[in-house]
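Undergrad: Just passing along the structure, written as structure tokens.
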Amino acid sequence: SVCMELLPSVSSPSPVVMSSAKMTHQFPALTPEQKKELQEIAERIVAPGKGILAADESTGSMAKRFNPIGVENTEENRRRYRQLLFTADERIDSCIGGVIFFHETLYQSSDDGTVFSKLIQDRGLVVGIKVDKGVVPLAGTDGETTTQGLDGLSERCAQYKKDGADFAKWRCVLKISENTPSELAIMENANVLARYASICQQNGIVPIVEPEILPDGDHDLKRCQYISEKVLAAVYKALSDHHVYLEGTLLKPNMVTAGHSCPHKYSNEEIAMATVTALRRTVPPAVTGVTFLSGGQSEEEASINLNAINTCPLAKPWALTFSYGRALQASALNAWKGELDNEKAATEEFIKRAEANSLAAQGKYESSGSGNAAGQSLYVANHAY
Amino acid sequence: MRLDQLHDERRCTPLMHASATCCASSSTPQSIKPALWRLLVLPDHCSSVVWQRKPSVRLSSSVISTTANMTHQFPALSPEQKKELSDIAQRMVAPGKGILAADESTGTMGNRLKKINVENSEENRRYFRDLLFSVDTLASSIGGVICFHETLYQKADNGKLFPQVIKDKGIVVGIKVDKGTAGLNGTDGETTTQGLDGLSERCAQYKKDGCDFAKWRSVLKISDGCPSALAIAENANVLARYASICQQNGLVPIVEPEILPDGDHDLKRCQYVTEKVLAAVYKALSDHHVYLEGTLLKPNMVTAGHSCTQKFTPEEVGMATVTALRRTVPSAVPGVCFLSGGQSEEEASLNLNAVNQVPLHRPWKLTFSFGRALQASALAAWQGKTANKAASQQAFSTRAKINGLAAKGEYKPTGSSDQSATQSLYTASYVY
Numbered sequence: 319s320v321c322m323e324l325l326p327s328v329s330s331p332s333p334v335v336m337s338s339a340k341m342t343h344q345f346p347a348l349t350p351e352q353k354k355e356l357q358e359i360a361e362r363i364v365a366p367g368k369g370i371l372a373a374d375e376s377t378g379s380m381a382k383r384f385n386p387i388g389v390e391n392t393e394e395n396r397r398r399y400r401q402l403l404f405t406a407d408e409r410i411d412s413c414i415g416g417v418i419f420f421h422e423t424l425y426q427s428s429d430d431g432t433v434f435s436k437l438i439q440d441r442g443l444v445v446g447i448k449v450d451k452g453v454v455p456l457a458g459t460d461g462e463t464t465t466q467g468l469d470g471l472s473e474r475c476a477q478y479k480k481d482g483a484d485f486a487k488w489r490c491v492l493k494i495s496e497n498t499p500s501e502l503a504i505m506e507n508a509n510v511l512a513r514y515a516s517i518c519q520q521n522g523i524v525p526i527v528e529p530e531i532l533p534d535g536d537h538d539l540k541r542c543q544y545i546s547e548k549v550l551a552a553v554y555k556a557l558s559d560h561h562v563y564l565e566g567t568l569l570k571p572n573m574v575t576a577g578h579s580c581p582h583k584y585s586n587e588e589i590a591m592a593t594v595t596a597l598r599r600t601v602p603p604a605v606t607g608v609t610f611l612s613g614g615q616s617e618e619e620a621s622i623n624l625n626a627i628n629t630c631p632l633a634k635p636w637a638l639t640f641s642y643g644r645a646l647q648a649s650a651l652n653a654w655k656g657e658l659d660n661e662k663a664a665t666e667e668f669i670k671r672a673e674a675n676s677l678a679a680q681g682k683y684e685s686s687g688s689g690n691a692a693g694q695s696l697y698v699a700n701h702a703y
Numbered sequence: 002m003r004l005d006q007l008h009d010e011r012r013c014t015p016l017m018h019a020s021a022t023c024c025a026s027s028s029t030p031q032s033i034k035p036a037l038w039r040l041l042v043l044p045d046h047c048s049s050v051v052w053q054r055k056p057s058v059r060l061s062s063s064v065i066s067t068t069a070n071m072t073h074q075f076p077a078l079s080p081e082q083k084k085e086l087s088d089i090a091q092r093m094v095a096p097g098k099g100i101l102a103a104d105e106s107t108g109t110m111g112n113r114l115k116k117i118n119v120e121n122s123e124e125n126r127r128y129f130r131d132l133l134f135s136v137d138t139l140a141s142s143i144g145g146v147i148c149f150h151e152t153l154y155q156k157a158d159n160g161k162l163f164p165q166v167i168k169d170k171g172i173v174v175g176i177k178v179d180k181g182t183a184g185l186n187g188t189d190g191e192t193t194t195q196g197l198d199g200l201s202e203r204c205a206q207y208k209k210d211g212c213d214f215a216k217w218r219s220v221l222k223i224s225d226g227c228p229s230a231l232a233i234a235e236n237a238n239v240l241a242r243y244a245s246i247c248q249q250n251g252l253v254p255i256v257e258p259e260i261l262p263d264g265d266h267d268l269k270r271c272q273y274v275t276e277k278v279l280a281a282v283y284k285a286l287s288d289h290h291v292y293l294e295g296t297l298l299k300p301n302m303v304t305a306g307h308s309c310t311q312k313f314t315p316e317e318v319g320m321a322t323v324t325a326l327r328r329t330v331p332s333a334v335p336g337v338c339f340l341s342g343g344q345s346e347e348e349a350s351l352n353l354n355a356v357n358q359v360p361l362h363r364p365w366k367l368t369f370s371f372g373r374a375l376q377a378s379a380l381a382a383w384q385g386k387t388a389n390k391a392a393s394q395q396a397f398s399t400r401a402k403i404n405g406l407a408a409k410g411e412y413k414p415t416g417s418s419d420q421s422a423t424q425s426l427y428t429a430s431y432v433y
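If you're matching them up, the sequences are chains X and C in order. Just so you know, this note's numbering puts 463 at position 145 of the first sequence, and the rest follows in order with no gaps. Just so you know, this note's numbering puts 276 at position 275 of the second sequence, and the rest follows in order with no gaps.
Spelled out as structure tokens, the structure:
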């Protein structure tokens, strides 16, 4: 149970290749107590029926959310908006396991002066924090990127932990086109995710690993599945190489879908089967939970797809739940439009989506207009994938 | 909520399979009868294009795809090929069944027969394999038999070819296809495994001659400097090449990355090394586009080295083993069939049983692929004498039944304490 302290994180320019003769000696990265804490945090976040509210939109991203509803992107408006989500009544306590914060929001308070992180913690939800610093280009590629944010990450994590955070999120981005994702993009993003994960765990923070493959493009379902499998295989090899404790992590992947401009439309069951098949081939059972991003999906689409995933007739050893931003907040934003009088209505919209996704995470969601029995027969046998 | 309860609840839908013959029974509302499944015919979707592989070429280093189009999928297998492979694998690891590894090479059989003072003749080898294969109740615990090349073309006393004898019992026939280890220069006595040359043609012939699966053994060892990064990478790669070639020819590849039990390392060390090795194996299988649902894994159990001064219980062995597998083996893999290595018959059964009682979610079948651990008593009872045939078959049959129970976690050796006593020996997994 020797605990080896990691040196402050240094961004590595290339993947780690173990070359020392003694590399197969284990230098334990975490003590049993550290492992236990991390696993328990992860379990709490994805407890049955629970998922994540991704409320970590950066200041720039919030502008994109506020513009369509005519709200000025001020610090106060952002505070008021997050408040109407965080003060939703006890109905969300059984639906939301964790909330991802943006840095600014972690230190804002509700009207009565309660710091948001404490507000969330006190109602039994786990506080998370986005820690990456956005994408940067990979020179020599077709517009591909990696993600920065490793500098001083250990110290930042230690501070976030003191300030109430128990998990973190880091988003890497890949895209599908004729030439992408390239070998370099896959390998570099997998490596940077693994470095981030390793540093988080040293500071008692559960890393959510997010290797998002964008839905832009005209590729079909099969193509997305194939690439998802390659990307995830690389991610888990990197996590192994970096000695990351899988039981104390969560995965935040895209669902496997066709590209937005693909002329062929696929059913929810096909999306579910392709998604679960890809995960079964790459995500070790030790990973505590998979919390899907919603990408460009509508609120309803994201719920129905999550439901189909949870009723897919293949063995699924991890929790399969949501980590939604837009798919939890779109209606709430529309109802709010920045007006004080609309706050209650906006909160209700959010609660509605939270409850819908809680059911979807258990395979119990019935959207009006879809009959469950009819949907079942549309699952294509898995060997076709 | 107990950790094991949490994991059990996650197993909410049983593993379903398209084949009507292998449908797991279930009473959950989500169970779907195969008859209700409709294959939706879509233009690009279920491509039935079969891409012919060129004859296998031995690669000297790991394949790194460099073409700009590498993420385009060039389907290695058609849906029909995938289904066939998946069905075969499922049959081999049906509940309560495992594999009889009867693929000892001529030289290795010599070692076995020498111990009981029996001449290593072709007839003696034939006689003993016939003794094993002709056991009436074989199919109740054995899902597959691995043969050596010679044995595949030998006959039972009744004149039937062995593959036919085995198949008639509903058991899948397999063939060892590797050609032994070869030294890795510049390492501390480490090896890779050869046998890729002409492997595709050999596989095609074996398929014609009744085989539906193959086995290839790579070997790693634990010491101060081993296994090295090269040994891990090279063996993972060669296993992936072998697997890819097998699948092209309708053979399910059993992937065997054995880490030898020699040495004085402790349980933790073996677990650590096993995790690194298996992570490399599954990355290589992904890189080589191997269809995981149509493969089986044959790993070592996680144990301390033979000369380790500390002794570990079957529960500890079970927990370390299952933890290592959960961290590395994707759930798409239908089954894990452990090798017995140097374990005694009883040790192997007790450990397999413990593995199947570990209170962690295990999405693959966990069963046996035993050689010595199924045959030791049978050999000892036989002594090369025809008069001992029945006794020998009885000894083998007993071990087969016991391991069939162990594969379900239902083996209760006489005189052992009950379930609750052994439960307390489980150390929570976070310690591993």
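We put the beta carbon where it would ideally sit given N, CA and C, even for glycine.
Strictly by DSSP, which residues pair up with X:E530?
TA: According to DSSP, which records beta bridges pairwise, X:E530 is partnered with X:V491.
Undergrad: Tell me, please, which residues DSSP counts as bridged to C:F129.
TA: Paired residue(s): none; C:F129 is not in a bridge.
Undergrad: Cα-Cα, which of X:E565, X:G607, X:F610, X:D534 is closest to X:P581?
TA: Of the listed residues, the one whose Cα sits closest to X:P581 is X:D534.
Undergrad: Compute the Euclidean distance between the alpha carbons of X:T567 and X:W636, then round it to the nearest angstrom.
TA: One C-alpha to the other measures close to 11 Å.
Undergrad: What number of angstroms, rounded off, separates the C-alpha of C:P300 from the C-alpha of X:G458?
TA: For C:P300 and X:G458, the distance between alpha carbons rounds to 41 Å.
Undergrad: According to DSSP, is X:P501 part of a helix, a strand, or is it coil?
TA: Inspection of the sequence shows that residue 501 of chain X is occupied by Glu rather than by Pro. Three-state DSSP puts X:E501 in a helix.
Undergrad: Mind listing, in chain order, the continuous beta strand (DSSP E) runs of no fewer than 3 residues lying wholly within the region 325-351 of chain C?
TA: As far as the region 325-351 of chain C is concerned, its whole beta strand (DSSP E) runs of at least 3 residues are 336-339.
Undergrad: Answer yes if the region 435-451 of chain X comes into contact with the region 415-422 of chain X, meaning at least three C-beta pairs across the two stretches below 8 Å, and no otherwise.
TA: Counting Cβ pairs under 8 Å, three or more are found: they touch.
Undergrad: Going by the CB atoms, is the gap between X:I504 and X:C542 shorter than 8 Å?
TA: No. Outside cutoff.
Undergrad: Using the Cα positions of X:A365 and X:T606, report the straight-line distance between them to the nearest angstrom.
TA: Going from the Cα of X:A365 to the Cα of X:T606 covers about 10 Å.
Undergrad: From the DSSP output, in three-state form, read off C:K269 for me.
TA: Looking at C:K269 - three-state DSSP - the assignment turns out to be helix.
Undergrad: When we look at the beta-carbon of C:A237 and count the other beta-carbons within 10 Å, is it buried (16 or more) or exposed?
TA: Counting Cβ neighbours within 10 Å, C:A237 comes out buried, since at least 16 surround it.
Undergrad: Listing by chain order, which chain C residues have their CB less than 9 Å from the CB of X:V601?
TA: Those within 9 Å of X:V601 in chain C are P331, S332.
Undergrad: Could you give the DSSP three-state label for X:E565: helix, strand or coil?
TA: If DSSP states are grouped into helix, strand and coil, X:E565 belongs with the helices.
Undergrad: In angstroms, rounded to a whole number, what distance separates the CA positions of X:D429 and X:K634?
TA: Distance between the alpha carbons of X:D429 and X:K634: 43 Å.
Undergrad: Closer than 8 Å between beta carbons: that is the criterion. Which residues of the region 362-377 of chain C meet it against chain X?
TA: Per Cβ criterion, the list reads H362, R363, P364.
Undergrad: How close, in whole Å, do the beta carbons of C:A325 and C:E276 come, if the pair is a contact with beta carbons under 8 Å?
TA: That belief holds up - the Cβ atoms of C:A325 and C:E276 are roughly 5 Å apart, short of 8 Å.
Undergrad: Listed from N- to C-terminal order along the chain, which residues in the region 537-562 of chain X have their beta-carbon within a distance smaller than 8 Å of any beta-carbon of chain C?
TA: Answer in chain order: D538, L539, K540, R541, Y544, I545, E547, K548, A551, A552, Y554, K555, S558, D559.
Undergrad: Using a Cβ-Cβ cutoff of less than 8 Å, which residues in the same chain neighbour C:V318 once the five nearest sequence positions on both sides are dropped?
TA: The residues are L268, M302, V303, T304, N352, A355, V356.
Undergrad: Would you kindly check if the distance between the Cβ of C:W365 and the Cβ of C:G336 is under 8 Å?
TA: A contact, by the Cβ cut-off of 8 Å.
Undergrad: Hey, quick one: how far does the beta strand (DSSP E) through C:T182 stretch, first residue to last?
TA: Element bounds for C:T182: 182-184.
Undergrad: Residues of chain X with a CB under 8 Å from the CB of C:A280: which are they?
TA: Within chain X, the residues near C:A280 are Y554, K555, S558, D559.
Undergrad: Mind checking whether X:L492 and X:N509 have CB atoms under 8 Å apart?
TA: Contact: no.
Undergrad: Just to make sure I have the definition right: I need the residues of chain C whose C-beta is within less than 7 Å of the C-beta of X:P635. Which are they?
TA: Going along chain C in sequence order, the residues near X:P635 (Cβ under 7 Å) are R11, S332, H362, P364.
Undergrad: Within the 8 Å Cβ cut-off, does X:R671 reach chain C?
TA: X:R671 does not count as touching chain C.
Undergrad: Leaving out five residues before and five after C:V178 in sequence, what residues of the same chain have Cβ atoms less than 8 Å from its Cβ?
TA: Around C:V178: G196, L200, R203, C204, Y207, A215, K216, W217, Y243, C247.
Undergrad: Could you check which residue in X:T465, X:E462, X:L424, X:A486 has the C-alpha nearest to that of X:S472?
TA: Cα-wise, what sits closest to X:S472 is X:A486.
Undergrad: Relative to chain X, which residues along the region 271-296 of chain C have a C-beta separation below 8 Å, given in chain order?
TA: Cβ contacts with chain X: Y273, V274, E276, K277, A280, A281, Y283, K284, S287, D288, L293, E294.
Undergrad: Within 8 Å of any Cβ in chain C, is that where the Cβ of X:Q344 sits?
TA: Taking Cβ atoms only, chain C reaches closer than 8 Å to X:Q344, which makes this a yes.
Undergrad: What residues from chain C crowd round X:L564, counting only those whose CB sits closer than 7 Å?
TA: Within 7 Å Cβ-Cβ: R328.
Undergrad: Classify X:S558 as buried or exposed, calling it buried when 16 or more other Cβ atoms lie within 10 Å of its own Cβ.
TA: By the neighbour-count rule (16 or more Cβ atoms within 10 Å), X:S558 is buried.
Undergrad: Just the C-alpha distance for C:K156 and C:A391, rounded to the nearest angstrom, thanks.
TA: Distance between the alpha carbons of C:K156 and C:A391: 19 Å.
Undergrad: Using the three-state DSSP reduction, which class does C:F397 fall into: helix, strand or coil?
TA: If DSSP states are grouped into helix, strand and coil, C:F397 belongs with the helices.
Undergrad: Given a cut-off of 8 Å on the beta-carbon distance, is the pair C:G295 and C:A90 in contact?
TA: In contact: C:G295 and C:A90 (Cβ atoms closer than 8 Å).
Undergrad: Quick check: is the beta carbon of X:A663 nearer than 8 Å to any beta carbon in chain C?
TA: With 8 Å as the cut-off, X:A663 does not count as an interface residue toward chain C.
Undergrad: I want to see whether chain C comes within less than 8 Å of X:R474, judged by CB atoms only; does it?
TA: Answer no: the Cβ-Cβ gap between X:R474 and chain C never drops below 8 Å.
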